[in-house]
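Student:
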Amino acid sequence: MLEVKGLNKSFGGLHAIRDVDFSLPEGEIRGLIGPNGSGKSTFFNLLSGVYPVDSGTVEVNGKDLTNAEPHEVAGAGIARTFQLLRMFTEMTVLENVMIGYHNHVQYGPLAGVFGFGRVGREEKIIRREMMEVLAFIGLEDFADIPASELSIGQRRLLALGRAMAMKPRLLLLDEPAAGLSPVNVDHIMAIIVRMKEKFGLTVVIVEHILKVVMETCDRVSVLDHGVKIAEGLPQEVRDDEAVVEAYLGREMDDEEVKRAIHA
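Heads up: the sequence shown begins at 1047 in the numbering used here, then just goes up one per residue.
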């Protein structure tokens, strides 16, 4: 599904991503973890066309998307959420989700301006489909209220729903559980797993809550200072010495480190 080779990105003298290889099979949920500043969000921004790539390649289903524009990335079936929530706060919850569907709209700008009959018919179909998305994530009762009135947990769900409205094959989630209570963390992760199973998605999750990654992901990749330092099954990564050192340093006794990581 996704093949990244020798990816590099620098900002001035800072080498944010250094020679990263990343291979993702179809249907997998992959966790991407690492300490603050390790390059996780930069990696997402390179995949989704937000930042240009300095060197290296990005392929999705064999198609070269290196330095593709964001709309080209979206057209190739890749959707993402952002660590910082970006809602259209004065628009309704339903309208926010409908925006995610825009790549699939069949009529052009002129038809929209002059209100040709097919526009109304297609709008009804889109609204019905987007209400189904809202029902899936549990926000159907909030469809007609402004997005500004949602709680932080509901906004996280709305961001997820807007990404799903794009009908992606590959879903990139940048800290989907950030700022949520433990109960809401469990809730949103359960929805992500159900989405993956229902729609046959391939998912990459950046997340600081290690419990989420260890319990949800099939495999985990670890970045530190822009370098991939480990990759494997969750239990393998959890006990990897390089990962332990990246998170906690070497000032703790080995047994103390292991207990802290397992906790």
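Heads up, the beta-carbon is just placed ideally off N, CA and C, and yes, glycines get one too.
Flag this pair as yes or no: are the beta carbons of L1060 and E1253 separated by less than 9 Å?
Tutor: Walking along the sequence shown from the start, residue 1060 turns up at place 14. Walking along the sequence shown from the start, residue 1253 turns up at place 207. No; because the gap between Cβ atoms is not below 9 Å, this pair is not in contact.
Student: Across the stretch 1278-1293 and the stretch 1251-1268, are there enough close Cβ pairs to call them in contact, namely three or more that are closer than 8 Å?
Tutor: With the cut-off at 8 Å, the stretch 1278-1293 and the stretch 1251-1268 touch.
Student: When the Cα atoms are used, what is the spatial distance from K1274 to E1105?
Tutor: Start at 1 with the first residue of the sequence shown, and residue 1274 comes out as number 228. Start at 1 with the first residue of the sequence shown, and residue 1105 comes out as number 59. Each residue's alpha carbon lies about 18 Å from the other.
Student: Tell me the DSSP bridge mates of D1110?
Tutor: Within the sequence shown, the letter at position 64 stands for residue 1110. DSSP, once it has assigned bridges, lists E1105 as partnering D1110.
Student: For K1170 and F1182, I'd like the C-alpha separation in whole angstroms.
Tutor: On the sequence shown, position 124 is the one that residue 1170 refers to. On the sequence shown, position 136 is the one that residue 1182 refers to. Approximately 19 Å, taken between the alpha carbons.
Student: Report all residues from its chain with a CB closer than 7 Å to the CB of S1087; omit the five preceding and five following residues, and keep chain order.
Tutor: Taking the first residue of the sequence shown as 1, we reach residue 1087 at position 41. Cβ within range, chain order: Q1129, D1220 and V1252.
Student: In the DSSP assignment, find the beta strand (DSSP E) that holds F1057 and state where it starts and stops.
Tutor: Here residue 1057 refers to the residue found at position 11 when the sequence shown is read from its first residue. Residues L1048 to F1057.
Student: Does the beta-carbon of A1209 have 16 or more other beta-carbons within 10 angstroms, so that it is buried, or is it exposed?
Tutor: For this step, residue 1209 is matched to residue 163 along the sequence shown. With 16 or more other Cβ atoms within 10 Å, it is buried.
Student: Checking 9 Å against the spacing of the C-beta atoms, do I1145 and L1218 come in under that value?
Tutor: Locating residue 1145 in the sequence shown gives position 99, counting from the first residue. Locating residue 1218 in the sequence shown gives position 172, counting from the first residue. No. Outside cutoff.
Student: Please return the same chain residues whose Cβ sits closer than 7 Å to the Cβ of N1054, not counting the five positions on each side in sequence.
Tutor: Numbered from its first residue, the sequence shown carries residue 1054 at position 8. I1063, R1064, D1065, D1100, S1101 and G1102, listed in sequence order.
Student: Assuming contact is defined by CB atoms lying nearer than 9 Å, are V1289 and F1090 in contact in what I supplied?
Tutor: Within the sequence shown, residue 1289 is the residue found at index 243, counting from 1. Within the sequence shown, residue 1090 is the residue found at index 44, counting from 1. No, the Cβ-Cβ distance between V1289 and F1090 is not below 9 Å.
Student: Run through the DSSP bridge pairs and tell me what R1265 is partnered with.
Tutor: The residue given as residue 1265 occupies position 219 in the sequence shown. Looking at the DSSP assignment, R1265 forms a beta bridge with R1076.
Student: Going by DSSP in three states, I1238 sits in which element: helix, strand or coil?
Tutor: As a working mapping, residue 1238 is identified with position 192 in the sequence shown. Looking at I1238 - three-state DSSP - the assignment turns out to be helix.
Student: Which of the three DSSP states is assigned to F1026 in this structure?
Tutor: Any property of residue 1026 remains undetermined from this structure, which presents the chain solely from 1047 to 1309.
Student: With respect to the alpha helix (DSSP H) encompassing L1206, which residues constitute its N-terminal and C-terminal limits?
Tutor: Taking the sequence shown and counting its residues from 1, the one referred to as residue 1206 is at position 160. Here the alpha helix (DSSP H) through L1206 covers I1198 to M1210.
Student: Following the continuous beta strand (DSSP E) through I1191, name the residue where it begins and the one where it ends.
Tutor: For the purposes of this step, residue 1191 is identified with residue 145 of the sequence shown, where counting begins at 1. I1191 -> no beta strand (DSSP E), and no H or E assigned at all.
Student: Between the alpha carbons of F1245 and T1112, how many angstroms are there, rounded?
Tutor: The sequence position of residue 1245 within the sequence shown is 199, counting from 1. The sequence position of residue 1112 within the sequence shown is 66, counting from 1. Taking the straight line from one Cα to the other gives about 26 Å.
Student: Near D1286, which residues of its chain fall below 6 Å by C-beta distance, leaving aside the five closest residues on each side in sequence?
Tutor: To locate residue 1286, count along the sequence shown from 1; it is residue 240. So the list reads A1276, once near-sequence residues are dropped.
Student: When you compare each of R1201, F1057, A1122 and L1070 to R1132 by their alpha carbons, which one comes out closest?
Tutor: Working through the sequence shown from its first residue, we reach residue 1132 at position 86. When each option's Cα is compared against that of R1132, the closest is R1201.
Student: When burial is assigned at 16 or more other CB atoms within 10 Å of the CB, is D1270 buried or exposed?
Tutor: Locating residue 1270 in the sequence shown gives position 224, counting from the first residue. Classification of D1270: buried, given that the 10 Å Cβ count is 16 or more.
Student: Looking at A1223 and V1231, is the spacing between their C-beta atoms short of 9 Å?
Tutor: Residue 1231 sits at position 185 when you count from the first residue of the sequence shown. Residue 1223 sits at position 177 when you count from the first residue of the sequence shown. For V1231 and A1223, yes; Cβs fall inside 9 Å.
Student: Using a Cβ-Cβ cut-off of 8 Å (strictly less than) and excluding sequence neighbours within five positions of E1316, which residues of its own chain qualify?
Tutor: Given that the chain is displayed from residue 1047 to residue 1309, the structure contains no residue 1316 and the question cannot be resolved.
Student: To which residues of the same chain is G1199 closer than 6 Å at the C-beta, ignoring the five residues directly before and after it?
Tutor: Counting from one through the sequence shown, the residue named residue 1199 turns up at place 153. Counting only Cβ-Cβ distances below 6 Å, and skipping sequence neighbours, we find L1226 and N1230.
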